[in-house]
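Below is one structure, written out as structure tokens; the observations come after it.
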DNA sequence: GTCTATAAACAGATAGAC
DNA sequence: GTCTATCTGTTTATAGAC
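Protein chains in written order, with this note's numbering: chain D, 510 to 726; chain G, 510 to 726.
What follows is the structure, given as structure tokens:
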């Protein structure tokens, strides 16, 4: 599992990580290639050499982020669903949503990735396509399957798809509006205690939605 | 109620509306003042004359959007809450959330404003401060009051604040990821029928959350 | 108030030395 | 592979004619 990187690979990775950070903080268009090279302690020419140009670096960032998300969150999605009872499915879904909450809101190392993804989601283009196909869609399908099993409804139905979007949407929003939400909650920092309380609440909300769809209309 | 605008005022408003549209579509940094002047059929110099520069135009856009949101959505927030029963409070909240959904997702004229606000929300700065103080915070406080009345809980408690953020967060998310969500739902367009079904679901989810907080922990 | 010309700074891409 | 110098186009801001 050791991976001794060559000098060139170090430069590549450092450029990508610096770019993800700056793209996430300021947005793709607001960041110059000079800023990225400076943060990575590389020269401007290296971006053209390694990635062909700024758009190529953007794609490389997307690939890097997707690989990271899948390796971090992927394990939560492997449990086979054969013969799962509704209660099991709910428990499995709550566990996965909890992992997603921690990745999305708490894990400090992932915050640059998350901010990068959020910004790209607002910009229809090649990167948002990659994010959808390689991450959002598989995650959503998995949650639909579990939501369907937990409520006894068709996992492919519109109602289930919309409900699942609401489940993940609430989590997204706490990241989008994080600074404003923290102010409203009188939180100076979002430390481990705060994120723990928050994640528990969000998981509970998923349970409330499952309960509502399990019962009536 | 008529408001005959002078020539200069027409230029001002046209510039602001063009800027909101372009800022929303591409982001503040990706739009040049030339693009804005072209779309407004004005000359570049007029931006400096009327707003002092690009940042001044951005502020003017924020003011314009906030005024529009408040006049469109404000009426839903006026009903006095004295002696409201829990059922009344829930009905009132569902009505207001429904109005918010329609503004945020369905109303075609408001889509430029919504996209502008979403992008600014991701950028901590002067504009996001204005949006928070003049729109998000008042709306959130109103919903917390109603949620507290509907569930019998303290409207100022952390749990209520978080629950309300989840309620509005789900709505936000359907706008943030709209193109990807439409694809997942196999919707070619988000027309009146689709938005109607969607808004009804989102209102229902709010009811589910109220029910959960009304009952147990 | 409107419009044009221009300045000064900055962008991304590239050629070539090492 | 790395780094520097430079090219070409574009940015915002401004000065001044009308």
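Note that beta-carbon positions come from the ideal geometry of N, C-alpha and C, so glycine has one too.
Residues near residue 643 of chain D by beta carbon distance below 8 Å, same chain, minus five either side: Indexing the first chain from 1 puts residue 643 of chain D at position 134. Around residue 643 of chain D: 575, 579.
is_contact[residue 681 of chain G, chain D] using C-beta, thresh 8 Å: Looking up residue 681 of chain G in the second chain gives position 172. So, interface residue.
Any 3 or more C-beta pairs closer than 8 Å across the stretch 668-678 of chain G and the stretch 595-615 of chain D: no
Candidates G:697, G:584, G:528: closest to residue 560 of chain G by CA position: Numbered from its first residue, the second chain carries residue 560 of chain G at position 51. For residue 560 of chain G, the nearest C-alpha among the options comes from G:528.
Candidates G:581, G:600, G:582: closest to residue 500 of chain G by CA position: Chain G is shown from 510 up to 726; residue 500 of chain G falls before or after that span and cannot be answered.
Cβ of residue 574 of chain G within 8 Å of any chain D Cβ: Walking along the second chain from the start, residue 574 of chain G turns up at place 65. With 8 Å as the cut-off, residue 574 of chain G does not count as an interface residue toward chain D.
Chain-ordered residues of the stretch 658-686 of chain D with a beta carbon less than 9 Å from chain G: Per Cβ criterion, the list reads 667, 668, 670, 671, 672, 674, 675, 676, 677, 678, 679, 680, 681, 682, 683, 685, 686.
Sequence ranges, alpha helix (DSSP H) only - wholly within the stretch 583-645 of chain D, length at least 4: 595-610, 620-631, 635-640
Spatial distance of residue 688 of chain G from residue 696 of chain G (CA atoms): Counted from its first residue, the second chain places residue 688 of chain G at position 179. Counted from its first residue, the second chain places residue 696 of chain G at position 187. Approximately 9 Å between the Cα atoms of the pair.
Proximity test, Cβ basis, 8 Å: residue 707 of chain G and chain D: Taking the second chain and counting its residues from 1, the one referred to as residue 707 of chain G is at position 198. Answer yes: the Cβ-Cβ gap between residue 707 of chain G and chain D drops below 8 Å somewhere.
Cutoff 8 Å: residue 641 of chain D Cβ touching any chain G Cβ: Here the question's residue 641 of chain D lines up with position 132 in the first chain. Closer than 8 Å to some Cβ of chain G, the Cβ of residue 641 of chain D qualifies, so yes.
Chain D contact residues for residue 598 of chain G, given Cβ-Cβ distances below 8 Å: Counting from one through the second chain, the residue named residue 598 of chain G turns up at place 89. Per Cβ cutoff of 8 Å: no residues; residue 598 of chain G is ~18 Å from chain D at best.
Beta-carbon contacts of residue 690 of chain D that lie in its chain and below 7 Å, excluding the five residues immediately before and after: As a first step, residue 690 of chain D must be located in the first chain, where it is residue number 181. Answer for residue 690 of chain D: 683, listed in chain order.
Spatial distance of residue 676 of chain D from residue 539 of chain D (CA atoms): Position 167 of the first chain, counting from 1, holds the residue named residue 676 of chain D. Position 30 of the first chain, counting from 1, holds the residue named residue 539 of chain D. Our two residues, residue 676 of chain D and residue 539 of chain D, have alpha carbons roughly 32 Å apart in a direct line.
Residue 724 of chain G - containing alpha helix (DSSP H), residue span: The residue you call residue 724 of chain G lines up with position 215 of the second chain. Looking at the DSSP string, the run of the alpha helix (DSSP H) that includes residue 724 of chain G is 701-724.
Heavy atom of the ligand ADP within 7 Å of residue 682 of chain G beta-carbon: Because no ligand of any kind appears in the structure shown, any question about the ligand ADP cannot be addressed here.
Candidates D:594, D:577, D:571, D:602: closest to residue 586 of chain D by CA position: Within the first chain, numbered from 1, the residue matching residue 586 of chain D stands at position 77. Of the candidates D:594, D:577, D:571, D:602, the one whose C-alpha sits nearest the C-alpha of residue 586 of chain D is D:602.
Which of helix, strand or coil DSSP assigns to residue 577 of chain D: Mapped onto the first chain, residue 577 of chain D falls at position 68. Helix.
For residue 718 of chain G, the nearest candidate out of G:619, G:679, G:555, G:635 (CA to CA): Along the second chain, read from residue 1 onward, the residue named residue 718 of chain G stands at position 209. Restricting attention to G:619, G:679, G:555, G:635, the CA atom closest to the CA of residue 718 of chain G is found in G:679.
Beta-carbon proximity list for residue 533 of chain G, same chain, < 7 Å, skipping 5 on both sides: In the second chain, counting from the first residue as 1, residue 533 of chain G sits at position 24. The residues are 621, 624, 625, 628.
Proximity below 8 Å, CB of residue 524 of chain D to CB of residue 553 of chain D: As a working mapping, residue 524 of chain D is identified with position 15 in the first chain. As a working mapping, residue 553 of chain D is identified with position 44 in the first chain. Going by C-beta atoms, residue 524 of chain D is not nearer than 8 Å to residue 553 of chain D.
Under 9 Å (Cβ pairs) to chain D, residues found in the stretch 529-542 of chain G: Listed in sequence order: 535, 536, 537, 538, 539, 540.
Cβ neighbour criterion (16 or more within 10 Å) applied to residue 617 of chain D: The count along the first chain starts at 1 and reaches residue 617 of chain D at position 108. By the 10 Å Cβ count, residue 617 of chain D comes out exposed.
Straight-line Cα distance separating residue 513 of chain G from residue 694 of chain G: Stepping through the second chain from its first residue, residue 694 of chain G is reached at position 185. Stepping through the second chain from its first residue, residue 513 of chain G is reached at position 4. Rounded to the nearest angstrom, the two C-alpha atoms are 45 Å apart.
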